[in-house]
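K.L.:
Would you mind keeping the following structure in view while I ask a few things?
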Amino acid sequence: MLDSLKHFVRESWLLVVASVLCGLLLAATNAALGPRIEVNKALKLTSLAGGLLPAAQAFVPLSSPVEVKGLDGKTESAVVFKATAGNAVVGWVFKVVGSGFADRIELVVATDASFSRLAGYDVVSSSETPGFGDQIKDAYYRNQFAGAPVGPFSLVGLGAANERDIDSTIVAISGATISSTAVVQAMNHYLPQLKDQLQQKGLIGHGSNP
Amino acid sequence: MAATPDGQNLYAEAVATGLWREIPVFRMLLGTCPTLAVTAAIKPALTMGLCVIFVLVCSNIMVSLMRKGLRPHVRILLFTLTIATFVTIADLFLRAYQPVMSEALGPYVPLIIVNCVIIWRAEARASHSGVLLSIVDGLAMGVGFTIALCVLATIRELLGTGRLFEIQVLPKAFPAWAAMGMPVGAFLTFGFVLGFINYVSRKRS
Chain A
1114 MLDSLKHFVR
1124 ESWLLVVASV
1134 LCGLLLAATN
1144 AALGPRIEVN
1154 KALKLTSLAG
1164 GLLPAAQAFV
1174 PLSSPVEVKG
1184 LDGKTESAVV
1194 FKATAGNAVV
1204 GWVFKVVGSG
1214 FADRIELVVA
1224 TDASFSRLAG
1234 YDVVSSSETP
1244 GFGDQIKDAY
1254 YRNQFAGAPV
1264 GPFSLVGLGA
1274 ANERDIDSTI
1284 VAISGATISS
1294 TAVVQAMNHY
1304 LPQLKDQLQQ
1314 KGLIGHGSNP
Chain B
734 MAATPDGQNL
744 YAEAVATGLW
754 REIPVFRMLL
764 GTCPTLAVTA
774 AIKPALTMGL
784 CVIFVLVCSN
794 IMVSLMRKGL
804 RPHVRILLFT
814 LTIATFVTIA
824 DLFLRAYQPV
834 MSEALGPYVP
844 LIIVNCVIIW
854 RAEARASHSG
864 VLLSIVDGLA
874 MGVGFTIALC
884 VLATIRELLG
894 TGRLFEIQVL
904 PKAFPAWAAM
914 GMPVGAFLTF
924 GFVLGFINYV
934 SRKRS
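Here the protein sequences line up with chains A and B, keeping their order. Numbering follows the working numbering, in which position 72 of the first sequence is assigned residue number 1185; successive positions increment by one, without gaps. Numbering follows the working numbering, in which position 171 of the second sequence is assigned residue number 904; successive positions increment by one, without gaps.
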């Protein structure tokens, strides 16, 4: 027993020491660069949101945290911005996460000031298959959400509804059902929670349910 | 000064090997996945090359420092751990300071972990050599790799868009060859450049 332990230590000590050193190095790098990466992400988010809410002049992050349950059931802090033009609120912008075919799909979603209709969504990051799942970035799919009531959305197959109708029925992308579902699922999961949180904080009225 | 068995300076030999004799992309045909994927324009090719130089030099230093404690069956594990660490650092750095380029390169920066050039140099050079020689070797191989990417990217960007570094170089009347920005353009350019290099090599020998 002691011999095999000695053998194990002799053979693997370098691997253990190197793992600890590499872990420390990565932790230090992440601590140093992490805040800057987060700032870059927020800049990208607001620049995409600017395309969804052209009337907005500024995107102000909410000062108090907005806690929601993620798709995995764990509580997470949502990224929410108030879109303003002068002193008026023109909409709400936030990030939602869906579970795509290849990896997580991060979306920026914008609603109107009363949180009753979507202004649309854009893709912050995704690794969906080019030509298939990544069509969630295309106008065909995105336009179905622009102006639609804030869910809940239902996904139907091609031909089951008209994709030009702006309502809660979303026509899936042919050959990319998982990616289409991921977007709809993310919207249905996060939108009611965010709306509830904003209502509780008194930031939107209670009578704006679709 | 250290010398090879045939009396050549070891450092000069490492430089000549990395830049010509065993230039990774054109002679050893290693690292061809990023070579084909990121050479549609010079900027991403150069960024990828700089990342590979950083990872090659750092992993070579670390492997060289550990070389006396390396055991055969944990050797590859240690190489991979070292390479993955420096690739992650390069990726984080790009995401922090070059977010647009990081997005343009997509998964190809994290994929440097499986770039054969790096594990090849860790095994063939750094695990048997001192730190200084490993650094020279990493630099030479990295620069050789970067030159190869830039050669292909120059041809593809010029013919595909009429531009270099996104600046218009060819007359606007030049019909841009859209295929050069696509995978077919990458394969064709790579094939022609390889053929040219082989032709020159045969002539010289």
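All C-beta atoms in this analysis are idealised placements derived from N, C-alpha and C, irrespective of residue type, glycine included.
Which of the three DSSP states is assigned to K1154 of chain A in this structure?
P.N.:
In the structure shown, K1154 of chain A sits in a helix (DSSP, three-state: H, G or I).
K.L.:
What's the C-alpha gap between R1255 of chain A and S1281 of chain A?
P.N.:
13 angstroms
K.L.:
Under 8 angstroms by Cβ, that's how I've got F1207 of chain A and L1307 of chain A pegged, so tell me the actual separation to the nearest angstrom.
P.N.:
6 angstroms
K.L.:
How many angstroms separate the CA atom of R1230 of chain A from the CA atom of G1264 of chain A?
P.N.:
9 angstroms
K.L.:
Expressed to the nearest angstrom, what Euclidean distance is found between the alpha-carbon atoms of I852 of chain B and L1138 of chain A?
P.N.:
20 angstroms
K.L.:
Could you check how far apart the C-beta atoms of G1233 of chain A and L1158 of chain A are, in whole angstroms? I think they sit under 8 angstroms.
P.N.:
No, G1233 of chain A and L1158 of chain A are not in contact; Cβ-Cβ is about 14 angstroms, not under 8 angstroms.
K.L.:
Does any residue of chain A bring its CB to less than 8 angstroms from the CB of V917 of chain B?
P.N.:
no
K.L.:
Tell me, please, whether the region 779-799 of chain B touches the region 869-876 of chain B by the rule of three or more beta-carbon pairs shorter than 8 angstroms.
P.N.:
yes
K.L.:
Determine the direct distance from the alpha carbon of A1140 of chain A to that of E1124 of chain A, and round the result to whole angstroms.
P.N.:
26 angstroms
K.L.:
Could one say the Cβ of R854 of chain B lies closer than 8 angstroms to chain A's Cβ atoms, at least one of them?
P.N.:
no
K.L.:
What are the partner residues of K1182 of chain A, as DSSP defines its beta bridges?
P.N.:
Bridge pairing for K1182 of chain A: A:T1188 [DSSP].
K.L.:
Going by C-alpha distance, which of A:V1181, A:S1212, A:G1211, A:G1199 is nearest V1193 of chain A?
P.N.:
A:V1181
K.L.:
Find the nearest neighbour of R754 of chain B within the set B:V833, B:S797, B:D870, judged by alpha-carbon distance.
P.N.:
B:D870
K.L.:
Given a cut-off of 8 angstroms, decide if L885 of chain B and T922 of chain B are closer than it, judged by their beta-carbon atoms.
P.N.:
yes
K.L.:
Would you be able to state if there are at least three C-beta pairs under 8 angstroms between the region 814-834 of chain B and the region 893-901 of chain B?
P.N.:
no
K.L.:
Count the other C-beta atoms from every protein chain shown that fall within 10 angstroms of the C-beta of C766 of chain B, then say buried if there are 16 or more, exposed otherwise.
P.N.:
exposed
K.L.:
Exposed or buried, W1126 of chain A, counting other C-beta atoms within 10 Å across all chains shown (16 or more means buried)?
P.N.:
By the neighbour-count rule (16 or more Cβ atoms within 10 Å), W1126 of chain A is not buried but exposed.
K.L.:
What does the alpha-carbon distance come out to for the pair Q901 of chain B and P1148 of chain A?
P.N.:
37 angstroms
K.L.:
Just how far apart, CA to CA, sit G802 of chain B and T815 of chain B?
P.N.:
One C-alpha to the other measures close to 14 angstroms.
K.L.:
Which chain A residues are close to I822 of chain B, counting only those with a beta carbon under 8 angstroms from its beta carbon?
P.N.:
L1138, L1139, T1142
K.L.:
For a contact meaning CB atoms closer than 7 angstroms, what does L1146 of chain A contact in chain B?
P.N.:
Neighbours of L1146 of chain A on chain B, chain order: L825, F826, A829.
K.L.:
Going straight from the alpha carbon of Y1253 of chain A to that of Y1303 of chain A, what length do you get?
P.N.:
23 angstroms
K.L.:
Check the DSSP bridge columns for N742 of chain B and list the partner residues they point to.
P.N.:
DSSP, once it has assigned bridges, lists B:A736 as partnering N742 of chain B.
K.L.:
Spell out the partners DSSP gives Q901 of chain B in its beta bridges.
P.N.:
B:R896
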